[in-house]
């Protein structure tokens, strides 16, 4: 059995990964040319499930999370006498930093559970 140096092993891994990616691209092109594309109706349904159907849950979660964040910040800032800065700090801290994280977590959970339920409902 030949002994490979770490660099040789890395080169082989990159070669096989590149070959696998080329194979995948080839399979996609063959399906496109043969016309075996997935049904667009299902794609549109899944896109609606990921996007607009998740909007209400995301708005409610971010709204209540923002309220709790503001209440806690207001209580701490009132001890320091900085209650005038609660809104500005909230706009700087929650909106660009925490809201996207909460949004992605909620959307990932909702869409993941919906897809899992749909897969579980499939009959052989």
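Numbering (this note's numbering), first residue to last: 5 to 128. Glycine included, each C-beta is placed from N, C-alpha and C at the ideal position. All of these numbers come straight from a predicted model, not from anything done at the bench.
Notebook entry, point to check: How is residue 75 classed by DSSP in three states: helix, strand or coil?
Noted result: As a position in the chain shown, residue 75 is number 71, starting the count at 1. Three-state result, residue 75: helix.
Next item on the list: Could you tell me the distance, in whole angstroms, from the CA atom of residue 76 to the CA atom of residue 82?
Entry: By one-based count along the chain shown, residue 76 stands at place 72. By one-based count along the chain shown, residue 82 stands at place 78. Annotation: residue 76 to residue 82 spans about 10 Å, alpha carbon to alpha carbon.
Notebook entry, point to check: Under a three-way DSSP split, which group does residue 126 fall into?
Noted result: On the chain shown, position 122 is the one that residue 126 refers to. DSSP places residue 126 in the coil class of the three-state scheme, outside both helix and strand.
Next item on the list: Answer yes if the stretch 83 to 98 comes into contact with the stretch 42 to 57, meaning at least three C-beta pairs across the two stretches below 8 Å, and no otherwise.
Entry: Verdict: no, contact absent.
Next item on the list: Please classify residue 102: does DSSP put it in a helix, a strand, or coil?
Entry: Here residue 102 corresponds to residue number 98 of the chain shown, with the count starting at 1. Residue 102 falls in the helix class under three-state DSSP.
Notebook entry, point to check: Sorted by chain position, which residues of the same chain lie with C-beta nearer than 7 Å to residue 2's C-beta, five sequence neighbours on each side aside?
Noted result: Outside the displayed span of the chain (5 to 128) sits residue 2, for which this structure offers no information.
Item checked: In chain order, each alpha helix (DSSP H) run of at least 4 residues that lies wholly inside the stretch 20 to 67 -> If we require 4 residues or more, the alpha helix (DSSP H) runs fully inside the stretch 20 to 67 come out as 44 to 54.
Notebook entry, point to check: Just reading off the alpha helix (DSSP H) that residue 94 is part of, what are its end residues?
Noted result: In the chain shown, the residue the question calls residue 94 occupies position 90. Where residue 94 is concerned, the enclosing alpha helix (DSSP H) stretches over 90 to 97.
Item checked: Nearest-angstrom Cβ-Cβ length linking residue 114 and residue 58, presumed shorter than 8 Å -> Residue 114 sits at position 110 when you count from the first residue of the chain shown. Residue 58 sits at position 54 when you count from the first residue of the chain shown. Distance from residue 114 to residue 58 at the Cβ level is roughly 5 Å; contact confirmed, criterion being Cβ atoms closer than 8 Å.
Checklist line | Through-space distance from residue 93 to residue 53, alpha-carbon basis | finding: Residue mapping note: residue 53 aligns to position 49 of the chain shown, counting from 1. Residue mapping note: residue 93 aligns to position 89 of the chain shown, counting from 1. Within the model, the alpha-carbon separation for residue 53 versus residue 93 is close to 34 Å.
Checklist line | Closest Cα partner of residue 108 within the set 72, 62, 87 | finding: In the chain shown, residue 108 corresponds to position 104, counting from 1. Nearest to residue 108 by C-alpha distance, out of 72, 62, 87, is 62.
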